[in-house]
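Before any comments, here is the structure.
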Amino acid sequence: MIHFKAIFKVMGGLLMLLALSMMPCIAFSLYYDSGDEFPLVISTLISGIVGATLFFSFASQDQNIRKREGYLIVALSWVFMTIFGLLPYLFSGSIPNFSDAVFETISGFTTTGATILEDIESIPKGVLLWRSMTQWIGGLGIIVLTVAIFPLLGIGGIELFVAESSGPKPDKLHPRIQETAKRLWILYVGLTLLLIAIYFLLGMSFFDSVNHSLTTMATGGFSTKNDSMAHFTDPSIQYTAIFFMFLAGTNFTLIYLGLTGKFKKVWSSDEFRAYFMSVSLTVLAVAVGVYSVTDVHWEKAFRDSLFQIVSLVTTTGYVTADYTSYNSGLTIIFFMLLFTGACAGSTSGGIKFIRHLTFVKNSTLEFKRIVHPRAVIPLKINGERVNGRVITHIFTFLLVYLMIFVLGSIVMSIAGYDLLTSFGAVATSLGNVGPAIGRVGPMDNFAFFSPFAKLFLSFLMLLGRLELFTILVLFTPFFWRAN
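In full-length UniProt numbering, the protein residues as written are 1 to 483.
So, in structure tokens, the structure goes:
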């Protein structure tokens with residue numbers, strides 16, 4: 001039997017956290033006199049009151065959270081956060097349409113970065129900060145934040161952590177899951193504050209520095225400017241964004257090890273080496289291509305290539321150039337990057353390099369097994385043998401991911417959109433990237449989609465952010481059967 005009362009208590013705690021995270025937006029609204037403080041106050045009060053009511057109504061409930069409750073809590077948390085997170089958009093009139101508000105909010109919390117806003121710079125500053133804040137909250141995951149901030153809930157934190165991280169499990173920094181979550185968030189907050197200072201010193205306004213730091217570290221890609229990062233033409237700002245996007249796409253455990261001077265352990269990670277080498281080789285190849293088909297100088301060709309590649313691989317979604325304007329060959333390369341994702345244990349979305357690496361290594365070993373059928377040739381990652389169950393899980397994930405991409409593209413095509421736009425919209429939503437190809441290229445937005453298409457793509461964003469199984473398992477009959 002599923003303990004729904006215990007689940008509702010956790011939802012109450014999440015909504016109280018949501019209300020707290022809206023408060024800085026009220027302060028910014030008052031400081032800049034942007035006129036949206038009242039909608040933000042109302043949204044904060046509603047979220048706080050509903051959250052407190054749920055939390056204290058079920059305060060005495062047994063908090064023995066099992067795996068099934070863990071999956072439900074993760075899935076419902078994103079639903080609750082979306083419903084209450086869209087209130088500032090509706091109450092301020094910034095996004096008066098419900099389906100648009102749902103799309104923008106889920107795009108924020110899932111750090112996808114796709115937007116329906118056609119004039120971002122006209123949005124009041126308080127709401128604009130909330131838009132960036134949704135990505136920052138979603139960066140390392142709402143549940144990880146909850147486990148770190150609300151140990152008083154008394155829930156089995158490991159079940160929530162496992163449910164949200166449904167892929168290959170990242171190494172722990174500490175044997176206690178709450179301590180691990182706290183250290184990850186301290187690192188996350190520290191890097192965000194550092195980036196705010198750097199952006200500001202390089203010439204961004206304080207408001208732009210705060211917003212872009214929140215969305216850079218979250219690998220989200222929401223910007224305060226209509227032209228995204230292309231608005232900031234200073235190469236030093238763009239190179240800074242590149243470095244921190246790449247850093248945010250790295251397993252945070254490795255960042256922690258690097259900061260403590262354990263560089264050998266960082267480079268010994270097979271996934272990190274694959275991530276670093278793949279990005280480096282792709283940048284060199286694409287930069288040569290961009291330089292050959294445009295009239296820009298070499299440094300800009302290199303910078304534009306580096307920026308777009310790192311942005312897409314880490315699923316950040318910032319843009320400084322229209323990569324679909326080069327030629328069809330380069331466009332295909334950029335489209336393929338929508339299916340990569342950076343490292344497991346990072347803030348990026350997508351498939352992740354660890355899955356690609358496992359697939360490539362096992363496929364290579366399969367040729368050896370064909371030649372030597374009697375030999376036992378195990379697959380090893382980071383020097384450790386990978387058991388068959390993990391390999392099966394990864395291969396199943398890749399197959400299901402491909403099936404959802406194909407079926408999603410068919411649905412979008414039936415809904416009336418051309419093939420390139422359907423492919424691009426589904427790939428970028430499922431991979432939590434932002435820009436794609438077709439009518440959703442780097443210079444476009446998602447405003448033209450029908451309400452059905454926006455809600456469908458919103459579901460794909462959520463499905464991709466929670467790495468498929470956390471959501472799909474809820475649709476299986478055996479999940480709901482009593483033990």
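Note that beta-carbon positions come from the ideal geometry of N, C-alpha and C, so glycine has one too.
Closest by C-alpha distance to residue i, when choosing among the options
| i | options | result |
| --- | --- | --- |
| residue 227 | 297, 315, 118 and 200 | 118 |
| residue 185 | 207, 203, 217 and 210 | 217 |
| residue 191 | 315, 140 and 264 | 140 |
| residue 421 | 335, 458 and 245 | 335 |
| residue 466 | 255, 244 and 71 | 71 |
| residue 473 | 67, 245 and 262 | 67 |
| residue 242 | 341, 312, 10 and 266 | 312 |
| residue 484 | 284, 404 and 444 | Since the displayed the chain opens at 1 and closes at 483, residue 484 lies outside it and no answer follows. |
| residue 278 | 357, 441 and 205 | 357 |
| residue 134 | 238, 294, 285 and 23 | 23 |
| residue 102 | 120, 80, 123 and 121 | 80 |
| residue 31 | 104, 57, 124 and 82 | 124 |
| residue 188 | 39, 416, 233 and 249 | 249 |
| residue 440 | 181, 418 and 208 | 418 |
| residue 8 | 55, 18, 324 and 39 | 55 |
| residue 59 | 296, 6, 324 and 97 | 6 |
| residue 451 | 98, 34, 263 and 267 | 98 |
| residue 95 | 48, 39, 352 and 69 | 39 |
| residue 138 | 89, 74 and 120 | 74 |
| residue 337 | 183, 179 and 305 | 305 |
| residue 348 | 182, 303 and 247 | 247 |
| residue 394 | 475, 120, 276 and 361 | 361 |
| residue 240 | 374, 194 and 267 | 194 |
Cβ neighbour criterion (16 or more within 10 Å) applied to residue i
| i | result |
| --- | --- |
| residue 453 | buried |
| residue 36 | buried |
| residue 78 | buried |
| residue 164 | With a pLDDT of 48 at residue 164, under the threshold of 50, the modelled position of this residue cannot be trusted, and the question is left open. |
| residue 470 | buried |
| residue 355 | buried |
| residue 269 | buried |
| residue 369 | exposed |
| residue 4 | exposed |
| residue 205 | exposed |
| residue 212 | buried |
| residue 34 | buried |
| residue 53 | exposed |
| residue 409 | buried |
| residue 18 | buried |
| residue 21 | buried |
| residue 384 | exposed |
| residue 307 | buried |
| residue 261 | exposed |
| residue 180 | buried |
| residue 364 | exposed |
| residue 406 | exposed |
C-beta atoms of residue i and residue j nearer than 7 Å
| i | j | result |
| --- | --- | --- |
| residue 301 | residue 287 | yes |
| residue 215 | residue 132 | yes |
| residue 222 | residue 126 | no |
| residue 315 | residue 350 | yes |
| residue 434 | residue 424 | no |
| residue 128 | residue 84 | no |
| residue 51 | residue 12 | yes |
| residue 282 | residue 255 | no |
| residue 202 | residue 236 | yes |
| residue 114 | residue 446 | yes |
| residue 122 | residue 91 | no |
| residue 428 | residue 436 | yes |
| residue 443 | residue 322 | yes |
| residue 224 | residue 208 | yes |
| residue 257 | residue 264 | no |
Assumed close pair residue i, residue j - CB separation to whole angstroms, cut-off 8 Å
| i | j | result |
| --- | --- | --- |
| residue 319 | residue 229 | 7 Å |
| residue 431 | residue 339 | 6 Å |
| residue 136 | residue 25 | Not a contact, Cβ separation roughly 12 Å. |
| residue 111 | residue 219 | 6 Å |
| residue 116 | residue 87 | Rounded, the Cβ-Cβ distance is 17 Å, inconsistent with contact. |
| residue 457 | residue 400 | Residue 457 to residue 400, Cβ: 18 Å. No contact. |
| residue 251 | residue 345 | 4 Å |
| residue 326 | residue 296 | In fact, because the Cβ distance is near 11 Å, the residues do not count as touching under 8 Å. |
| residue 49 | residue 82 | That pair is no contact at about 18 Å. |
| residue 271 | residue 367 | About 22 Å separates the two Cβ atoms, so there is no contact after all. |
| residue 238 | residue 303 | 6 Å |
heavy atom of the ligand HEM below 6 Å from residue i C-beta
| i | result |
| --- | --- |
| residue 478 | The ligand HEM is not part of the structure shown, which contains no ligands of any sort. |
Between the region 331-347 and the region 373-384, are three or more C-beta pairs nearer than 8 Å?
Touching, no, given that fewer than three Cβ pairs across the two stretches are closer than 8 Å.
Count the CB pairs spanning the region 456-463 and the region 102-111 that are closer than 8 Å, and state whether there are at least three.
Enough Cβ pairs lie closer than 8 Å, so yes.
Quick test of the definition: if touching needs 3 or more C-beta pairs under 8 Å, does the region 281-296 touch the region 187-207?
Cβ pair count under 8 Å is below three, so no.
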